[in-house]
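Engineer: Below is the structure I would like to discuss, written out as structure tokens.
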Amino acid sequence: DAGITQSPRHKVTETGTPVTLRCHQTENHRYMYWYRQDPGHGLRLIHYSYGVKDTDKGEVSDGYSVSRSKTEDFLLTLESATSSQTSVYFCAIKYGVDYGYTFGSGTRLTVV
Amino acid sequence: TQLLEQSPQFLSIQEGENLTVYCNSSSVFSSLQWYRQEPGEGPVLLVTVVTGGEVKKLKRLTFQFGDARKDSSLHITAAQPGDTGLYLCAAGFGNEKLTFGTGTRLTIIP
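Those protein sequence lines, which keep their order, are chains A and B.
Sequential numbering of the first sequence, starting at 1, is according to the numbering used here.
Sequential numbering of the second sequence, starting at 1001, is according to the numbering used here.
Written out as structure tokens, the structure is:
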């Protein structure tokens, strides 16, 4: 199993503050993804990356940015957190074509 | 935007009973995956199906991919409390992204 860790696991932040979530993998998988999970909406793709410095938007990318300066790290930044961004955030990696995703354990973010 | 609908949203049954959950798409998909998620954890992949009409079995779980590649089902035989969780289907539509359904929350009552 590829090691994939997310940090922090829990965070409470105030509206208007910037927040960065980190996803780290221990193998050189090319594809990495950030999803948010909300009741009634399932998992929705925020951004994904297909290589160092190569990223693209998902269906709910507004208010979020990402960076991938190294293969193993994929960062998700909320430039100015809002209450609507309270959610559980999951990072995932993909092994290859026709393979599924391996997910991290998630970051529970609360914006107050 | 491709949509994946799962039904039922919630299902609560007695231990030992059988059940089926469904995943339907508005578009043809190239691959379909099923995941199970437990509280406080990320989803865990159960199976991937890529061929229309394909059937895969994983112990008491049977996964079917519809001939038209727009639907899939998960059947559990003799459900056990350990089967409790959120079941998610996820479809690939020919690119590097997956679209997830909203999930079926299954509770098995001992």
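Beta carbons are placed, not taken as given, at the ideal position from N, Cα and C, and that holds for glycine.
Source: prediction; values computed, not measured.
#1: Can you pull out the residues from the region 86 to 111 of chain A whose beta carbon lies closer than 8 Å to at least one beta carbon of chain B?
#2: Run down chain B in chain order and give the residues with a C-beta less than 8 Å from the C-beta of A:Lys31.
#3: For the beta strand (DSSP E) containing A:Thr77, name the first residue and the last one.
#4: Is the Cβ of B:Glu1041 closer than 8 Å to any Cβ of chain A?
#5: Look up B:Glu1005 in the DSSP assignment and give the residues it is bridged to.
#6: Mind checking which residues open and close the beta strand (DSSP E) that includes A:Tyr33?
#7: Are there 16 or more other CB atoms within 10 angstroms of the CB of A:His41, so buried, or fewer, so exposed?
#8: Note down, in chain order, all residues in the region 1066 to 1094 of chain B with a beta-carbon under 9 Å from any beta-carbon belonging to chain A.
#9: Keeping to the same chain, check which residues put their C-beta closer than 8 Å to that of A:Arg9; ignore five residues upstream and five downstream.
Structural biologist: To lay it out plainly:
#1: Phe90, Ala92, Lys94, Asp98, Tyr99, Gly100, Tyr101, Thr102, Phe103, Gly104, Ser105 and Gly106
#2: According to the sequence provided, residue 31 of chain A is Tyr. The question's Lys does not apply to it. What A:Tyr31 touches in chain B: Glu1096.
#3: Asp73 to Leu78
#4: yes
#5: B:Asn1024
#6: Tyr31 to Asp38
#7: exposed
#8: Leu1088, Ala1090 and Gly1092
#9: Ser105, Gly106, Thr107 and Arg108
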